[in-house]
Every structure is written in structure tokens, then in C-alpha cells.
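Read through the structure below, which is laid out as C-alpha cells, and then see the notes.
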Amino acid sequence: MAADIAFFLAPDDQTAAATRLNGPGRAFGSVTCRSIEPDSSIAEWDMYFEAPSAELPPLEQLYAWAWPEWVTPPLNDGIEVFALPVRLTQALANASSSELVGLAARWTTRLRHADGDDMTDDDPLAILQGVARLAAAAVNSGGGLYCWSH
Numbered sequence: 022m023a024a025d026i027a028f029f030l031a032p033d034d035q036t037a038a039a040t041r042l043n044g045p046g047r048a049f050g051s052v053t054c055r056s057i058e059p060d061s062s063i064a065e066w067d068m069y070f071e072a073p074s075a076e077l078p079p080l081e082q083l084y085a086w087a088w089p090e091w092v093t094p095p096l097n098d099g100i101e102v103f104a105l106p107v108r109l110t111q112a113l114a115n116a117s118s119s120e121l122v123g124l125a126a127r128w129t130t131r132l133r134h135a136d137g138d139d140m141t142d143d144d145p146l147a148i149l150q151g152v153a154r155l156a157a158a159a160v161n162s163g164g165g166l167y168c169w170s171h
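Start counting the sequence shown at 22; every next residue gets the next number (the working numbering).
Now the structure itself:
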């Protein structure tokens, strides 16, 4: 589980990769959160938009899903940067409030199932709403949506 996570905008993979050591900081629009597995969360979100349902898909289906691609893979320090899939960025950018609420409910169930009382203290719906705003900005600017985690 990553302790610190930032979803952020960047114009391209090279710029996103340059955030590896220090994170995106204030130079980039970002949404921060703590104590989630960002790669599996992104896969969960992507699955939801491909086949919306309140029911959790089996873990085997989640693990077989296409996960986000690394822009910089994790090294011994555990820091990684990856790009959110373009189709997920577009889905988040176009998501209605009710879709985000439905996704947040399903994601919260997955987080509670996986982490129990150690689940993030952040509000999953607020995270998704913030990431959806970033996704809309990414689509409008032609840039990308990325995630930095440590």
C-alpha cells in the first residue's frame, strides 16, 4: 500500500517522469490521497466504466485487467509514476455525478474488503471527483493524467 499518492496533470510522459524523485509538487494540478494501492484502484475504476455494476468483480478478474503503464517503474525506494489509460481519463472526464457516486461505493467496498480498518482516511468520492476534474482538464489540454506514489 502506497503511503502518499498524487494524481496529476502533465503535458507528456517525459514531464511526468521528471516528477519521480520529488513528486509533482505545486507545479502541476494534482489530487493527493494516502494509503491506497493506486495501480489496483485505477484498474478497478477502468473496469467500472467498461461494465458498470455495484457488484465487485472477482479478484481474479481485477488482476487480469490491463493495469496502468509505468512511466518510471518502482526502484528500491518504492517510488513509481504511471499514466492512467486514455480511455479511463476520457471516461472520468465525461462521468456524471451519479456514475462517480456508484464508482465510489464500489471502490469503497473493495478498499474495505482489502484493507479493513486500515482503509484510507480520505473520502473516496472526493478523490474520484478531484481526479475526474483533472481528467477533464487533461482531455481539454491534450495532456495526460498520471499518478505518482511512494
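Where is the CB? At the ideal position from N, CA and C, for every residue including glycine.
Could you name the residues of the same chain whose beta carbon sits closer than 8 Å to that of residue i, not counting the 5 residues immediately before and after it, in chain order?
| i | result |
| --- | --- |
| A87 | A64, D67, P106 |
| A159 | L30, T110, A114, G165, L166 |
| D33 | G164, G165 |
Please return the same chain residues whose Cβ sits closer than 6 Å to the Cβ of residue i, not counting the five positions on each side in sequence.
| i | result |
| --- | --- |
| P45 | A27, F29, S51, W169 |
| A112 | F70 |
Using DSSP's beta-bridge definition, name the partner residues of residue i.
| i | result |
| --- | --- |
| L166 | L30 |
| D25 | R55 |
| F103 | W91, C168 |
What does a CB cutoff of less than 7 Å around residue i pick up in its chain, not counting 5 residues either side in sequence?
| i | result |
| --- | --- |
| D143 | C54, R55 |
Give the range of the alpha helix (DSSP H) segment to which residue i is assigned.
| i | result |
| --- | --- |
| T130 | 118-136 |
| T110 | 107-115 |
| A85 | 80-85 |
Can you give the beta carbon distance from residue i to residue j, rounded, assuming they're within the 8 Å contact cut?
| i | j | result |
| --- | --- | --- |
| A23 | P59 | 6 Å |
| L149 | L124 | 6 Å |
Could you tell me which uninterrupted alpha helix (DSSP H) segments, each at least 4 residues in length, are contained entirely in the segment 33-66, listed from first to last along the chain? 34-38
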